[in-house]
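Residue 357 in our numbering sits at position 335 of the sequence shown; the count goes up by one each step and never skips. The beta carbon of each residue, even a glycine, is placed where N, CA and C say it ideally should be.
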Amino acid sequence: MSDFPYWWLIALPVFFGLGWLAARIDIKHVLSETRSLPAAYFKGLNFLLNGQTNQAVDVYVDIARHHAETVDLQFTLGHLFRRRGELERAIRMHQKLLARRDLTDTQKQSAQFELAKDFLKAGLFDRAESLLTELQNTEYARQARSELLAVYQQEKDWQKAIDIAQQMRDESHSYQHEIAQFHCELAEQAFARSLPEPALEHLEAALAENRQCARAKLLLGEIAQAAGKVDDAIRLWLEIESQDVLALALVARKLLSAYDALGKNEEGTQLLMRLLQQYPELDVLDLVYERLMAQRGMDAAYEFVREQLKAHPTMPGLRKVLEAHLLVAPDEQKYELEIIGKLLTEATREQTLYYCSTCGFKARQYFWHCPACSEWETYPPVRGRKNRGAA
Ligand SMILES: [Zn+2]
């Protein structure tokens, strides 16, 4: 009993007392704040919470007229105008804020950042760029760089995009994939202007940044092919197998034409068949089918797709088998087969498109840069597949 710490008996009420005092101070503070806010403020807040932006703006404009000193309210209004697409009003509000002399440095930078976002949304990239560049050494540096990166990508100013991404890289995001892709964009531009040398330099830089960059190998192969070095082109394209095997599908047609150019038609076909057997998910079934049909005839093509379906049953595989079967089937079966084929085509239409694994945007053509969400390398190179990892 003698070990009982009696001092607790005294300390407890003191602690309770302190808690009570703290709570009172807090409540007092809240009450004084509340009294200083016009009731309409809460009305506006209520509109906002209910998603009624228009009504909220009306209420806040009214308050701002009578309480010109409320900086935060001007920020809120500017934000709301921008969200509503009233960019001119948003710009005016943020410019008015910037012109105030009573702003702290942080408030000033915040207004500058908001104004830059207005300009961006209005498509006035030059003006946004200069405001964002001014924010480089402030608290808003990181956010400003991130917006600048978006600007440069939108303007396709890839060199500036590389510079800013390099400044932004840290442990949480290395920007390797993005920078490699920016170099690929520059390489494509140079190649399109018949400047293979700078194109090659950019592709080397892309691979130095990201060794797994399949697009760089694809372009290196194209440049080799254009220079008449068909063997090199084939070698480069085949190296994609060790980078991102499913991306081989993106060069499959080019590979076949390269083999054809060397007079090695059969070798090209064999290669593709071997790859498909080894990697059943490789999106080249249509191509191999088309190829076999042209080179070996319908029976061989039919046989191949049937074997393929047995080994790896998929809906597109089944559709292909039906398509082949229709060609060899006796006339009396054709009517039913055609109906089944039509229904199957209808049911698997979604599987003929590429999907962005980030935003779900679907497209007939393959994109390295999603036109909807602007992310890089988000499309699995397999039609119908929605995630980069799994089928
Ligand atoms: Zn997307």
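ASN76 and GLY100 have their C-alpha atoms spaced approximately 13 Å apart. In this structure, the straight-line span from the alpha carbon of ALA255 to that of ALA271 is close to 15 Å. In summary, ARG105 is exposed, with fewer than 16 beta-carbon neighbours lying within 10 Å of its beta-carbon over all protein chains present. Ranking TYR376, GLU397 and ARG386 by CA distance to the CA of LYS408 puts TYR376 first. Of the other Cβ atoms in all chains shown, 16 or more fall within 10 Å of the Cβ of TYR197; this residue is therefore buried.
Put simply, the residues with a CB less than 6 Å from any heavy atom of ligand 1 are CYS378, THR380, CYS381, PHE383, CYS392, ALA394, CYS395, GLU397 and THR400, in chain order. By the criterion of at least three beta-carbon pairs nearer than 8 Å, the stretch 355-367 is not in contact with the stretch 389-403. By DSSP's assignment, TRP398 forms a beta bridge with HIS391. Out of PHE103, VAL93, LEU137 and ALA150, the CA that lies nearest to the CA of ARG123 is found in VAL93.
ALA333 and TYR162 have their C-alpha atoms some 56 Å from each other.
Sequence-distant partners of VAL252 (beyond 5 residues in either direction) whose C-beta falls short of 6 Å from its own C-beta, in its chain, are ALA280, ALA283 and LEU284. Apart from sequence neighbours up to five positions away, the residues of its chain that approach ILE201 with a beta-carbon distance below 6 Å are ILE184, ALA187 and GLU231, ordered along the chain. In the three-state DSSP reduction, LYS239 falls in the helix class (H, G or I). In terms of Cβ geometry, LYS286 and TYR311 do not form a close pair [threshold 8 Å].
Assignment of ASP266 by DSSP, reduced to helix, strand and coil, places it in the coil class. PRO403 is positioned such that its CB atom lies no closer than 8 Å to that of SER379. Ranked by Cα distance from LEU146, the options ASN159, ILE113 and LEU120 are led by ILE113. Note on PHE141: 16 or more other CB atoms within 10 angstroms of its CB, so buried under the neighbour-count rule. An exposed status is given to HIS195, since fewer than 16 other beta-carbon atoms sit within 10 Å of its beta-carbon. In the DSSP assignment, HIS116 falls within the unbroken alpha helix (DSSP H) covering 109-121.
In terms of Cα proximity to GLU368, the closest of MET337, PHE383 and TRP398 is MET337.
By the Cβ rule, the stretch 320-332 counts as touching the stretch 340-354, because three or more pairs are nearer than 8 Å.
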